Amino acid sequence: MSLEQWTVFRALVGCRTAILGYHEDECDNSTCGHREYSYNSCRNRHCPKCQGAPRFKWLSARLSDLLPVSSFHVVFTLPHGFNDLLMCNKDVLYKLFFKTASDTLLEFAQTPKHLGAKPGFIGILL
Numbered sequence: 236m237s238l239e240q241w242t243v244f245r246a247l248v249g250c251r252t253a254i255l256g257y258h259e260d261e262c263d264n265s266t267c268g269h270r271e272y273s274y275n276s277c278r279n280r281h282c283p284k285c286q287g288a289p290r291f292k293w294l295s296a297r298l299s300d301l302l303p304v305s306s307f308h309v310v311f312t313l314p315h316g317f318n319d320l321l322m323c324n325k326d327v328l329y330k331l332f333f334k335t336a337s338d339t340l341l342e343f344a345q346t347p348k349h350l351g352a353k354p355g356f357i358g359i360l361l
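Under my numbering, the sequence shown has 277 at position 42, and the numbering climbs by one with no breaks.
The structure is reproduced here in structure tokens:
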């Protein structure tokens, strides 16, 4: 694993465990004295525990942006042979990949033979 991948892995494994420490909450009522301990979260953008609610909120906002028209789901992929090259040149290759996918969608959709429209799209790297 690369250093970046190892860092993410450690954050996910330690999320909401003693590894990342804890914080203590104490009841404001002086007679109660009840204390509760909560483990700290990693807050990593890849963590399903930490990012579940923000992801749902983002997705809901995107769904509200959709027009009441039919849509198409299109997936662009790279052959696995590019993985090593990609890991060494992420910024350049991801920008090139998204630019190529964007140009392809625009050209295809704007051609009257195919759709004759100006599309809108969202690109997500998984």
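Beta carbons are placed, not taken as given, at the ideal position from N, Cα and C, and that holds for glycine. Note that this is a predicted model, so its numbers are computed, not measured.
query                                                                                                                 : result
Helix, strand or coil for residue 245? Go by DSSP, reduced to three states.                                           : helix
Looking only at C-alpha atoms, which of 339, 330, 290, 277 sits nearest to residue 251?                               : 277
What is the DSSP secondary structure of residue 273, counted as helix, strand or coil?                                : strand
Residues in its own chain within less than 6 Å of residue 283 by CB, not counting five upstream and five downstream?  : none
What number of angstroms, rounded off, separates the C-alpha of residue 293 from the C-alpha of residue 299?          : 10 Å
Using a Cβ cut-off of 7 Å (strictly closer), state whether residue 323 contacts chain B.                              : The structure shown has no chain B; it contains just one protein chain.
Going by the CB atoms, is the gap between residue 333 and residue 358 shorter than 7 Å?                               : yes
For residue 246, does the count of other Cβ atoms within 10 angstroms reach 16, so buried, or fall short, so exposed? : buried
By DSSP, does residue 315 sit in helix, in strand, or in coil?                                                        : helix
Provide the residue(s) that pair with residue 257 in DSSP beta bridges, ordered along the chain.                      : 274
Are the CB atoms of residue 336 and residue 344 within a distance shorter than 7 Å?                                   : no
Considering Cα atoms alone, identify which of 240, 261, 347, 305 is closest to residue 280.                           : 240
So, helix, strand or coil for residue 236, using DSSP?                                                                : coil
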